[in-house]
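Heads up, the thing below is written out as structure tokens.
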Amino acid sequence: MDNRSKLFPRVIGSLAIVGLMLGLMIGRLTTPDTTVLQQVEVTEQGLVVWFNNEPKLHGEIIDGSVALLFQAEGRSEKGQLKLNGRDVNWRTRKSDGGLLLTVLAARPLLGEWVGSEVDDRWRLEIRLSEP
Numbered sequence: 000m001d002n003r004s005k006l007f008p009r010v011i012g013s014l015a016i017v018g019l020m021l022g023l024m025i026g027r028l029t030t031p032d033t034t035v036l037q038q039v040e041v042t043e044q045g046l047v048v049w050f051n052n053e054p055k056l057h058g059e060i061i062d063g064s065v066a067l068l069f070q071a072e073g074r075s076e077k078g079q080l081k082l083n084g085r086d087v088n089w090r091t092r093k094s095d096g097g098l099l100l101t102v103l104a105a106r107p108l109l110g111e112w113v114g115s116e117v118d119d120r121w122r123l124e125i126r127l128s129e130p
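With numbering that gives the first Met the number 0, letter number 67 in the sequence shown gets 66, and the count goes up by one each step, no holes.
Next up, the structure:
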């Protein structure tokens, strides 16, 4: 039997492995970075939320509470702020759809949010008010 016919399956197998590894490396380089919540700051008007890049966002005002769902990762946090001298609670937690930020108080709240890029990070300002 010819030596070439014995080596042919090994050469084809080696080429397949090299092609697979190159494909995996190229795929890894072209996927976007995971969006991560970096910090939450309390301001006089509400909250400022910082991300490493712009997250996909869905926000609603539900029964007087503000709920924002980010397609991002982050740790669970909670805190409190004052709005017109009254307490307002906020909390982040992981959910099925991503990271959920809820802001609620003993009275109904309204919220507006505006995002912008600042120093290669994404800044989302959440302004709260009472109806």
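Backbone N, C-alpha and C define an ideal beta-carbon position, used for all residues, glycine too.
Here the C-alpha atom of LEU100 lies approximately 23 Å from the C-alpha atom of ASP118. Contact annotation: LEU36 and VAL47 have beta-carbon atoms that are not nearer than 8 Å. The secondary-structure analysis by DSSP pairs THR91 across a beta bridge with GLU76 and LEU100.
With fewer than three CB-CB distances shorter than 8 Å, the stretch 68–78 does not count as touching the stretch 13–32. About 11 Å separates the CB atoms of VAL41 and LEU127; that is not less than 8 Å, and the two are not in contact.
Rounded to the nearest angstrom, the gap between the Cα atoms of VAL87 and VAL39 is 14 Å.
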